[in-house]
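Asks:
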Amino acid sequence: MVNINIKLLPYGTLARELVLSALSPLAFTASLGGTTLHIYEDEAVVCGPIDSLAQVFQTAQQLLLNKNKLPAINPHYNDRQVMGKIKEKLNLQVNDTYRDYVDALCSWAINDLQTNPDKWLESLDKINYSTKTITLGEPKSAFSGFQPLKIEKYKYGKRFGDFRAQMDIKMDERWVALVLAGFGVCYSGFADGEIILSTIPEKVIMKAAVDFNWLNYVQQLTQSMGNFTVFQALMMLPYTVRATPELPHAYSLLLALELARIKPAHLSIREAPPYVFYRIMYTGQSFSLLERLSIDYSFLAPFVEKLSQPVNDNLRDFLRCTIIQARRQNNYCSNRYGDASLCDRLSRALYAAAAKVKPADETIYLLARSSPENSPFRRTDVLREIYNALS
8 MVNINIKLLP YGTLARELVL SALSPLAFTA SLGGTTLHIY EDEAVVCGPI DSLAQVFQTA
68 QQLLLNKNKL PAINPHYNDR QVMGKIKEKL NLQVNDTYRD YVDALCSWAI NDLQTNPDKW
128 LESLDKINYS TKTITLGEPK SAFSGFQPLK IEKYKYGKRF GDFRAQMDIK MDERWVALVL
188 AGFGVCYSGF ADGEIILSTI PEKVIMKAAV DFNWLNYVQQ LTQSMGNFTV FQALMMLPYT
248 VRATPELPHA YSLLLALELA RIKPAHLSIR EAPPYVFYRI MYTGQSFSLL ERLSIDYSFL
308 APFVEKLSQP VNDNLRDFLR CTIIQARRQN NYCSNRYGDA SLCDRLSRAL YAAAAKVKPA
368 DETIYLLARS SPENSPFRRT DVLREIYNAL S
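Residue numbers are given in the numbering used here: position 272 of the sequence shown equals residue 279, and the series is strictly consecutive.
(1) Report the rounded CA-to-CA distance for Tyr-161 versus Leu-357, giving the unit in angstroms.
(2) Name the one or two DSSP bridge partners that Ala-51 has.
(3) Are the segment 13-28 and the segment 206-226 touching by the rule of at least three beta carbon pairs closer than 8 Å?
(4) Could you have a look at Ala-198 and say whether DSSP puts it in helix, strand or coil?
(5) State yes or no: is the C-beta of Ala-240 within less than 7 Å of the C-beta of Ser-275?
(6) Using the rule of at least 16 other Cβ atoms within 10 Å of the residue's Cβ for burial, across every protein chain shown, is Met-90 buried or exposed?
(7) Can you find at least 3 beta carbon pairs, one from the segment 51-67 and one from the segment 252-269, that sit closer than 8 Å?
(8) Quick check: what's the CA-CA separation for Gln-336 versus Cys-328?
(9) Buried or exposed: Thr-122, going by 16 or more other Cβ atoms within 10 Å of its Cβ?
(10) Threshold first: 3 residues or longer. Then list the beta strand (DSSP E) segments lying entirely within the segment 94-177, N to C.
(11) Could you tell me if Thr-229 is buried or exposed, where buried requires 16 or more neighbouring beta carbons within 10 angstroms of its beta carbon?
(12) Among all the DSSP beta bridges, which residues are the ones paired with Val-211?
(13) On a Cα-Cα basis, can you pick out the residue from Thr-370, Asn-81, Ser-377 that is closest to Glu-392?
(14) Use the C-beta contact count for Tyr-47: other C-beta atoms within 10 angstroms, 16 or more gives buried, fewer gives exposed.
(15) What residues match up with Thr-206 in a beta bridge as DSSP calls it?
(16) Of all the options Pro-281, Thr-251, Arg-268, Ser-305, which has the alpha carbon lying nearest to the alpha carbon of Leu-297?
(17) Can you list, in chain order, the residues of its chain with a C-beta nearer than 7 Å to that of Gln-226? Leave out the 5 residues immediately preceding and following it.
(18) Name the one or two DSSP bridge partners that Leu-296 has.
(19) With 16 other CB atoms within 10 Å as the buried threshold, where does Ala-263 fall?
(20) At which residues does the alpha helix (DSSP H) containing Asp-346 begin and terminate?
(21) Would you call Pro-271 buried or exposed, if buried means 16 or more other Cβ atoms sit within 10 Å of its Cβ?
(22) Val-109: buried (16+ other C-beta within 10 angstroms of its C-beta) or exposed?
(23) Taking just the CA atoms, how far does Ile-212 sit from Cys-340?
(24) DSSP on Ile-302, reduced to helix/strand/coil?
(25) Nearest-angstrom Cα distance between Phe-197 and Gly-191?
(26) Ile-269 and Ser-231: beta carbons closer than 7 Å?
(27) Can you tell me whether Asn-75 is helix, strand or coil according to DSSP?
(28) Are there 16 or more other CB atoms within 10 angstroms of the CB of Met-8, so buried, or fewer, so exposed?
(29) The alpha helix (DSSP H) with Ser-259 in it runs from where to where?
(30) Tyr-372 to Cys-193, Cα distance in whole Å?
(31) Among Gln-292, Leu-97, Trp-182, Lys-92, which one has its Cα closest to the Cα of Ser-130?
(32) Less than 7 Å between the beta carbons of Phe-153 and Asp-86, yes or no?
(33) Closest to Asp-103 by CA distance: which of Ala-79, Glu-95, Phe-219 is it?
(34) Report the option in Thr-142, Pro-383, Gly-345, His-83 whose CA atom is closest to the CA atom of Ile-330.
Following this line, the structure appears as structure tokens:
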């Protein structure tokens, strides 16, 4: 048993959240005994055998395999150049997609943990600052950071203790493997050039490490999703929703409805963990952070858990249409639910009523009067059930 010290970048940075997401499987098994994960301001500490880190890379590979409908994404030119140097150094044969980069480096890391454990201990415990660059791992072996990690460069720099850096990140091959494992864990969507990464807040990771009862609750909550660990099931949920979080009110309802649909009847989603989403625009030439969203949907439990499966299906279809039409007109959606403006107005009213800040009867009146003739919201039985659930 050893203490594996892993340096962390400041709160709120994507690189920090990717590293912690990669390490999270260890937290979600810690309360069962064995390897533990402790998170501090400037480092994470894994207590266990060095080869326990293999679980980190295996989980990333398994999640990418299960999220098999996600596009592979062709890498930025600069990232192909960086990966070319890494491939040459590590003697890797790999296609030029981010998905293949993740898989290849995870396989390499699993083997390297067996043959070079001391180098992992040294690398992960090393961070160097300069006025322009943060270097993770061995400086002499450092590669330029992948482009998605450069979305948080600050015009005036970011202060780290006595240093001010421009958020240009370099890392050696072991850090590249760890960060890309985090990317594989968090990758949950890609549409119209927009990458969606879903992460779990640090407070949830720390809770999972010590609260066995809560961990058991989440395991039961998500057990119908398939043969997944608790952590894998949580990271698969945003993928199964098949939507982007650009309209938080609609996405929160959709996430709550999805979990209410799959959970056992005797459980509530009231203690379900929140998510943090990154919306990253990728044009092929550059990456830019569109938005960082924190979404907590557990308070919607009193509404979504009263709905029958058919009405749940109707609402999920409507909310997906609302999100789709925020980007482009869709004939099916507009014929069934109305145009983008109407869908957005109706979904906001529904969210407000579910959050108890708008009267249920006003929302039902709006749904009944504004929806197209062939909408399920023109049916008395559907409206009555929604009203009863909101009341």
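A virtual CB, placed ideally from N, CA and C, is assigned to each residue, including glycine.
Replies: In this structure, then:
(1) Counting from 1 along the sequence shown, the entry for residue 161 is found at position 154. Counting from 1 along the sequence shown, the entry for residue 357 is found at position 350. Residue confidence is low: Tyr-161 scores 40 on pLDDT, short of 50, so the model does not pin down where it sits. No coordinate-derived value is stated.
(2) The residue given as residue 51 occupies position 44 in the sequence shown. In the DSSP assignment, the residues bridged to Ala-51 are Ile-13, Ile-46.
(3) With a cut-off of 8 Å on Cβ pairs, the segment 13-28 is in contact with the segment 206-226, counting three or more such pairs.
(4) Walking along the sequence shown from the start, residue 198 turns up at place 191. Three-state result, Ala-198: strand.
(5) Position 233 of the sequence shown, counted from the start, is the residue given in the question as residue 240. Position 268 of the sequence shown, counted from the start, is the residue given in the question as residue 275. Result no, Cβ atoms of Ala-240 and Ser-275 do not sit closer than 7 Å.
(6) Here the question's residue 90 lines up with position 83 in the sequence shown. Label assigned to Met-90: buried.
(7) Remark: fewer than three beta-carbon pairs, one from each stretch, lie closer than 8 Å, so the segment 51-67 and the segment 252-269 are not flagged as touching.
(8) Within the sequence shown, numbered from 1, the residue matching residue 336 stands at position 329. Within the sequence shown, numbered from 1, the residue matching residue 328 stands at position 321. C-alpha of Gln-336 to C-alpha of Cys-328: approximately 10 Å in a straight line.
(9) For the purposes of this step, residue 122 is taken as residue 115 along the sequence shown, with counting starting at 1. Classification for Thr-122: exposed.
(10) Those beta strand (DSSP E) runs which fall completely within the segment 94-177 and span 3+ residues are 134-136, 140-143, 165-167, 170-172.
(11) To locate residue 229, count along the sequence shown from 1; it is residue 222. When all chains shown are included, Thr-229 counts as buried.
(12) As a first step, residue 211 must be located in the sequence shown, where it is residue number 204. Val-211 is not bridged to any residue.
(13) The count along the sequence shown starts at 1 and reaches residue 392 at position 385. Closest in C-alpha terms to Glu-392, from the list Thr-370, Asn-81, Ser-377, comes Thr-370.
(14) Counted from its first residue, the sequence shown places residue 47 at position 40. Exposed, by the Cβ-count rule.
(15) Position 199 of the sequence shown, counted from the start, is the residue given in the question as residue 206. For Thr-206, which the question treats as bridged, DSSP gives the partners Val-283.
(16) Sequence index remark: in the sequence shown, residue 297 carries index 290 (1-based). Checked all of Pro-281, Thr-251, Arg-268, Ser-305; the closest Cα to Leu-297 is Thr-251.
(17) In the sequence shown, residue 226 corresponds to position 219, counting from 1. Result list for Gln-226: Val-237, in chain order.
(18) For the purposes of this step, residue 296 is taken as residue 289 along the sequence shown, with counting starting at 1. Per DSSP, the beta bridge partners of Leu-296 are Ile-287.
(19) Walking along the sequence shown from the start, residue 263 turns up at place 256. So Ala-263 ends up on the buried side.
(20) On the sequence shown, position 339 is the one that residue 346 refers to. If you look at Asp-346, you'll find it isn't in any alpha helix (DSSP H); DSSP assigns it neither H nor E.
(21) Here residue 271 corresponds to residue number 264 of the sequence shown, with the count starting at 1. Result: exposed.
(22) Working through the sequence shown from its first residue, we reach residue 109 at position 102. Classification of Val-109: buried, given that the 10 Å Cβ count is 16 or more.
(23) Sequence index remark: in the sequence shown, residue 340 carries index 333 (1-based). Sequence index remark: in the sequence shown, residue 212 carries index 205 (1-based). The alpha-carbon atoms of Cys-340 and Ile-212 are separated by roughly 38 Å.
(24) Taking the first residue of the sequence shown as position 1, residue 302 is located at position 295. In the structure shown, the three-state DSSP call for Ile-302 is strand.
(25) Looking up residue 197 in the sequence shown gives position 190. Looking up residue 191 in the sequence shown gives position 184. Looking at the two C-alpha atoms, the distance is approximately 13 Å.
(26) If you number the sequence shown from 1, residue 269 lands on position 262. If you number the sequence shown from 1, residue 231 lands on position 224. Closer than 7 Å, so yes.
(27) In the sequence shown, the residue the question calls residue 75 occupies position 68. Here DSSP, grouped into helix, strand and coil, assigns Asn-75 to coil.
(28) Counting from 1 along the sequence shown, the entry for residue 8 is found at position 1. Exposed, by the Cβ-count rule.
(29) Here residue 259 refers to the residue found at position 252 of the sequence shown. Unbroken alpha helix (DSSP H) run through Ser-259: 255-269.
(30) Within the sequence shown, numbered from 1, the residue matching residue 372 stands at position 365. Within the sequence shown, numbered from 1, the residue matching residue 193 stands at position 186. Distance between Tyr-372 and Cys-193, taken at the CA atoms: about 40 Å.
(31) Position 123 of the sequence shown, counted from the start, is the residue given in the question as residue 130. Shortest Cα-Cα distance from Ser-130 to any of Gln-292, Leu-97, Trp-182, Lys-92 involves Trp-182.
(32) As a first step, residue 153 is located in the sequence shown; it is residue number 146 there, counting from the start. As a first step, residue 86 is located in the sequence shown; it is residue number 79 there, counting from the start. In contact: Phe-153 and Asp-86 (Cβ atoms closer than 7 Å).
(33) In the sequence shown, counting from the first residue as 1, residue 103 sits at position 96. Nearest of Ala-79, Glu-95, Phe-219 to Asp-103, Cα basis: Ala-79.
(34) For this step, residue 330 is matched to residue 323 along the sequence shown. Minimum Cα distance to Ile-330 is reached at Gly-345.
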